[in-house]
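Every position in the sequence shown, counted from 1, becomes a number in my numbering once 1320 is added.
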Amino acid sequence: MSLPSVLPFQPVFNYPNNKLYQYEAYPVLLSCNFVVDSTNGNGLGIRNLKGSGVANVFMHTSATPGVGNYGVINPNPEAGVIVVQLQNQFSRLLAAFGGQVSPISGTPLTSVVAGNPYVIASLGTATAAQFQAIGFPKGMLPSVGAAFIASSSTSVPGGASVEAPSSSGISSIELIGDPNQTLQNSNVYQNGGAQIIFQCLLSSTLTQPNNNSVITLNLYLSNSSVQVNGQ
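See below:
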């Protein structure tokens, strides 16, 4: 007996039409990213928060705790803890995942070593062809912040400069507690939305990410009262 083409409870991918079918009645995917900046004068512990549906992100600050959106004051959590406040309430959290982008070293370089990764810090007067000659991918336009692998040990042309990557200083990001308990109580938070707390770890030790690291968080939430398979 042959198996059916689609097994029960298996997502169906329709590549020609770029569709993903799943069983949640009202799924919501929220994504945000921000730069860790514990010394920033805004007192939020971060800067450059981007992401629709996310009201505030707070981290540890060495400055006076600042006021975020909707008048919420940074609770100044312990170093390594991330407090995420959403603009809306939700039924439950289905999944959460995150990642980090390493900062650059902060030391401009005018030469590169073959095989090493670099990030463009300044374009100078160098042309695309000149950048491609030292390893930048052909067919792409060089820009500040773009990474590439040096193809040879040589000088950086046109007065441009690059920087070597540093490290975020953390190895993983985990949830703290049961986030479903702080998704719906609008009386707790001034903005009336959900709150989710994460911790940054190096191995198993709570660790503050290095400043200028970029953190990305993705939250897959349900806004439906209908439960699927007991979720």
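Just so you know, even glycine gets a beta-carbon here, dropped at the ideal spot from N, CA and C. If you're wondering where the values come from, they're calculated on a predicted model, not measured in any experiment.
*T1527 by DSSP, collapsed to three states: which one?*
When secondary structure is reduced to three states using DSSP, T1527 falls in the coil class, being assigned neither helix nor strand.
*Completely contained alpha helix (DSSP H) runs for the segment 1439 to 1477, where each covers 4 or more residues*: Runs of alpha helix (DSSP H) with 4 or more residues, each lying fully within the segment 1439 to 1477, are found at 1448 to 1453, listed in chain order.
*Residue ranges of each beta strand (DSSP E) run of no fewer than 3 residues wholly in the segment 1334 to 1381, ordered along the chain?*
Given a length threshold of 3 residues, each whole run of the beta strand (DSSP E) inside the segment 1334 to 1381 is given here in chain order: 1339 to 1341, 1347 to 1356, 1366 to 1370, 1374 to 1378.
*How about G1373 and N1408: do their beta carbons lie closer than 8 Å?*
The answer is yes: Cβ separation under 8 Å.
*Which whole-angstrom value describes the C-beta separation of A1484 and L1429, a residue pair presumed to lie in contact below a C-beta threshold of 8 Å?*
Yes, they are in contact, since the Cβ atoms of A1484 and L1429 sit about 7 Å apart, within 8 Å.
*Can you grab the Cα-Cα spacing for the pair G1391 / P1423, in whole Å?*
Rounded to whole angstroms, G1391 to P1423 spans 30 Å at the Cα level.
*Excluding the five sequence neighbours on either side, which residues of its own chain have a C-beta within less than 6 Å of the C-beta of N1389, listed in chain order?*
Closer than 6 Å at Cβ, skipping near neighbours: A1375, N1376.
_So for Q1409, helix, strand or coil by DSSP?_
For Q1409, the secondary structure class from DSSP, reduced to helix, strand or coil, is coil.
*With L1522 as the anchor, note down where its beta strand (DSSP E) starts and where it stops.*
From DSSP, the beta strand (DSSP E) with L1522 extends over 1515 to 1522.
*Determine the burial state of Y1438: buried for a count of at least 16 other Cβ atoms within 10 Å of its Cβ, exposed for fewer.*
Its Cβ being crowded by 16 or more others within 10 Å, Y1438 is buried.
*Going straight from the alpha carbon of V1355 to that of G1459, what length do you get?*
V1355 and G1459 have their C-alpha atoms spaced approximately 29 Å apart.
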